[in-house]
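Protein chains in written order, with my numbering: chain A, 39 to 297; chain B, 534 to 808.
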Amino acid sequence: MIEFINVNKTYPNGVTALKDVNLKIEQGEFVAIIGLSGAGKSTLIRCINRMHEINEGTLNVDGVNVSNLRGKQVRDFRRKIGMIFQSFNLVTRTTVLNNVLVSSVPELSFWRKTLGLFPKEKKIAALEALDKVGILDKAYNRVDQLSGGQQQRVALARTLAQNPSIILADEPVASLDPVTAKVVMDDFKRINQEMEMSILINIHHVELALEYADRVIGVRKGEVVYDGKSEDVTQDVLNNIYGSLTEVPHMDDPEEAKV
Amino acid sequence: MEETVYDKIFKPKTYTLENGKTVKQRASRTPLILLLVLIATYASFRTTGADLSLLLKRGNQFFVIIIGMFPPNFEFLSNIWGPLFDTIQMSLLGSLAGALVAVPLALLSSSNIIKNAFVNGFFKFFLSILRTLPTLVLALIFTFLFGLGTMAGMLSIFIFTSSYVGKLMYEHIENVDMGAFEANESMGLSKVEAFRYAIIPEVLPTYLSVSLYAFEGNVRYAAILGYVGAGGIGLVLNERLGWRDYPSVGMVLLVLMIVVFIIERVSEYFRRKLS
Chain A
39 MIEFINVNKT YPNGVTALKD VNLKIEQGEF VAIIGLSGAG KSTLIRCINR MHEINEGTLN
99 VDGVNVSNLR GKQVRDFRRK IGMIFQSFNL VTRTTVLNNV LVSSVPELSF WRKTLGLFPK
159 EKKIAALEAL DKVGILDKAY NRVDQLSGGQ QQRVALARTL AQNPSIILAD EPVASLDPVT
219 AKVVMDDFKR INQEMEMSIL INIHHVELAL EYADRVIGVR KGEVVYDGKS EDVTQDVLNN
279 IYGSLTEVPH MDDPEEAKV
Chain B
534 MEETVYDKIF KPKTYTLENG KTVKQRASRT PLILLLVLIA TYASFRTTGA DLSLLLKRGN
594 QFFVIIIGMF PPNFEFLSNI WGPLFDTIQM SLLGSLAGAL VAVPLALLSS SNIIKNAFVN
654 GFFKFFLSIL RTLPTLVLAL IFTFLFGLGT MAGMLSIFIF TSSYVGKLMY EHIENVDMGA
714 FEANESMGLS KVEAFRYAII PEVLPTYLSV SLYAFEGNVR YAAILGYVGA GGIGLVLNER
774 LGWRDYPSVG MVLLVLMIVV FIIERVSEYF RRKLS
């Protein structure tokens, strides 16, 4: 369970990213976070695994107060949380398998991780993760030979090999074409249902958010302005989240509907 | 568009669209630059006292020497092997040691790895100081310190290589996408582990390629180092030229050409594999 209690976050340059955020996310939920660029979606997600620090309030993850963790505790804590990025963040000049194996590095002995010698069971675990996202046959290809959609699935396999209980995804489909975006979203849905991992996803495509997520959180200028079931999101709710009317994505927008 | 003095003298061309909107195209700067280059060329002729007529008068002597090298003196071959291997050896050792030392120098210079502006600045400055020292001068200084021979040549090649590879590598490391590093940190890897698994695989092919390229060039450099007494084939070349023994000079040059050609081909093959 992830619990935000009166969380505030201000960047050193004075920008307020989170303002008095209160949230409770149960294990196994599929949550989409929507809002304008710069509304604080990324910050919200990155506070959960301490990639960003909060200034005030309490953030509990599975009963642990995140702000109290130090050094190695932070790294051990992060093992339980997977993260997916918009630009995939893979090492492009090495094989797919090597990228997935990286997730097991902290569990290796000093010599093994220095020399990059992975034991057989880690390799099998990595290959199984690749199989779950359907790109087992690409295991020994170099990442730069893969398409964007395939690369995002390598990133997903890397996260799965880590066997986390929560997956945080920061705009995972923003640099993919509409069809590939759906394929990747299907992967998320399947992982959510089959492995009961909580999934928190930042997303710009409102249509996709409403289609896949069970719950939608709307963020505007660092504040949570909507939190509820995705079925209950109406055009009024979107107007409120996206503020000025010119920016609002329309629910019947043909561009969005095509996705 | 801001109007400069140049635009006032050479009016920009104006295109008018059907709806009355206008777009201005500035007059090309190329003629002005060309004029400046011509003036600079003329000035350098005047100051260096280059005399083209001398080229016509004495130029044919060059071909006399070239013709004198044919046929090369194959009997001289047995005198070449030793110095030739000295040359290759000193460039190989110098390149290898230089490439290794370049790694910590490049790391300390990279602002995305060591987040201390003073340390970065110091090592970047150190690398550029090393690069400004000509290899030939270094070799000369080392012959005073360590005596005549390959040791001096090796050391000067070592210093050149570490500064050259170091500079190219820190520029490359600073341009590496830090996304994979961030992802590794998010998975619970420490900074050192994240560096090992995100940055090293990304820069390793370039590092090997740059090091091979440095070695390739060093073989050519090493051939001249003998002129200042730093050992190797340059020593033989200098001596034979002094004796005007052109057939032997021809032989040395022929062997050198073949060796450099082979090394270049091999290195090119591996560098293509790496990219």
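The C-beta atom is built at its ideal place from N, Cα and C for all residues, glycine as well. Every value quoted in this text rests on a predicted model; they were computed, and no experiment measured them.
Review point. Mind pulling the chain A residues with CB within less than 8 Å of B/Leu722?
Key: Arg113, Val140, Val143 and Pro144
Practice item. Mind reading off the beta-carbon distance from A/Arg116 to A/Asn136? Whole number of angstroms is fine, and I expect it under 8 Å. Key: Going by Cβ atoms, the distance from A/Arg116 to A/Asn136 rounds to 20 Å, so no, they are not a contact pair.
Exercise for review: Could you work out which residue in A/Gly266, A/Lys227 and A/Gly256 is closest to A/Ile72 when comparing CA atoms only?
Suggested key: A/Gly256
Review point. So B/Ala747 and B/Ala632 are in contact, right, with Cβ under 8 Å, and what is the actual spacing, rounded?
Key: 7 Å
Check your understanding: By the 10 Å Cβ neighbour count, where 16 or more other Cβ atoms means buried, how is A/Phe126 classified, buried or exposed?
Key -> buried
Review point. From which residue to which residue does the beta strand (DSSP E) around B/Thr549 run?
Key: Lys546 to Thr549
Exercise for review: State the Cα-Cα distance for the pair B/Leu789 and B/Leu617, rounded to the nearest angstrom.
Suggested key: 8 Å
Check your understanding: What residues of chain A sit near B/Pro738, judged by a beta carbon separation below 7 Å?
Key -> Arg131
Practice item. Identify whether A/Ala77 lies in helix, strand or coil by the three-state DSSP scheme. Key: Per DSSP, reduced to three states, the secondary structure at A/Ala77 is coil, with no helix or strand assignment.
Check your understanding: How big is the Cα-Cα spacing for A/Leu153 and A/Leu165?
Key -> 20 Å
Check your understanding: Alpha carbon to alpha carbon, what distance is there between B/Lys554 and A/Val45?
Key -> 54 Å
Practice item. Check whether the Cβ of A/Phe123 lies closer than 8 Å to any Cβ atom in chain B. Key: Nearest CB-CB separation between A/Phe123 and chain B: below the 8 Å threshold.
Practice item. Determine, using beta carbons only, whether A/Ala195 and A/Val171 come nearer to each other than 8 Å. Key: The Cβ atoms of A/Ala195 and A/Val171 sit closer than 8 Å to each other.
**Study point:** B/Leu807 vs B/Ser742 beta-carbon contact at 8 Å
**Key:** yes
Point to revise | Spatial neighbours of B/Lys546 in its chain, beta-carbon cut-off 6 Å, leaving aside the 5 residues before and after | key: Once the five neighbours on either side are set aside, the close Cβ partners of B/Lys546 are Gln558.
Practice item. Report the neighbours of A/Met89 on chain B: residues whose CB is nearer than 8 Å to its CB, in chain order. Key: Glu715, Glu718 and Ser719
Review point. Out of curiosity, what's the CA-to-CA distance linking B/Asn653 and A/Gly101?
Key: 42 Å
Check your understanding: If you measure beta-carbon to beta-carbon, which residues of the region 694-715 of chain B are closer than 7 Å to chain A?
Key -> Gly712, Ala713 and Glu715
Exercise for review: Kindly confirm or deny that the region 211-228 of chain A and the region 141-159 of chain A touch, where touching means at least three C-beta pairs closer than 8 Å.
Suggested key: no
Practice item. Report yes if the CB atom of A/Gly260 is closer than 8 Å to the CB atom of A/Gly78, and no otherwise. Key: A contact, by the Cβ cut-off of 8 Å.
Exercise for review: Taking B/Lys689 and B/Leu768 to be in contact with their CB atoms under 8 Å, please state how far apart those CB atoms are, rounded to whole angstroms.
Suggested key: It is worth fixing the name first, because residue 689 of chain B is Ser in this sequence and not Lys. In fact, because the Cβ distance is near 15 Å, the residues do not count as touching under 8 Å.
Review point. Is it buried or exposed for B/Ser586, if we count other Cβ within 10 angstroms and need 16 for buried?
Key: exposed
Exercise for review: Establish whether the CB of B/Pro637 and some CB of chain A are separated by less than 8 Å.
Suggested key: no
Point to revise | Contact set between A/Asn127 and chain B, taken where Cβ atoms lie within less than 7 Å | key: Gly712, Ala713, Glu715 and Ala716
Review point. Listing by chain order, which chain C residues have their CB less than 7 Å from the CB of B/Ala650?
Key: Included in the structure are the protein chains A and B, with no chain C among them.
Practice item. Report yes or no: is there a C-beta of chain B within less than 8 Å of the C-beta of A/Glu293? Key: Residue placement at A/Glu293 is flagged as unreliable, the pLDDT there being 47, under the threshold of 50; a coordinate-derived value is accordingly withheld.
Point to revise | Reduced DSSP category for A/Lys62 - H, G, I as helix; E, B as strand; rest coil | key: DSSP places A/Lys62 in strand when its eight states are reduced to three.
Practice item. Can you have a look at B/Lys648 and say buried or exposed, based on whether 16 or more other CB atoms are within 10 angstroms of its CB? Key: exposed
Point to revise | Nearest-angstrom Cα separation, counted from A/Asn201 out to B/Thr683 | key: 58 Å
Point to revise | Alpha-carbon spacing of A/Val138 relative to A/Val192, whole angstroms | key: 7 Å
Review point. Residue range of the alpha helix (DSSP H) that B/Phe803 falls in?
Key: Tyr779 to Leu807
Practice item. Tell me where the beta strand (DSSP E) around A/Ile205 begins and ends. Key: Ile204 to Asp208
Review point. Residue ranges of each alpha helix (DSSP H) run of no fewer than 4 residues wholly in the region 127-195 of chain A, ordered along the chain?
Key: 134-139, 148-153 and 158-170
Review point. Can you tell which of B/Ala635, B/Phe603 and B/Ile706 has the C-alpha that lies nearest to the C-alpha of B/Ile733?
Key: B/Ile706
Check your understanding: Does the distance from the CB of B/Met687 to the CB of B/Met602 come in under 8 Å?
Key -> Their beta carbons are not under 8 Å apart, which means B/Met687 does not touch B/Met602 by this criterion.
Review point. Is the shortest distance between the beta-carbon of B/Met784 and the beta-carbons of chain A less than 8 Å?
Key: No - not a single Cβ of chain A is within 8 Å of the one on B/Met784.
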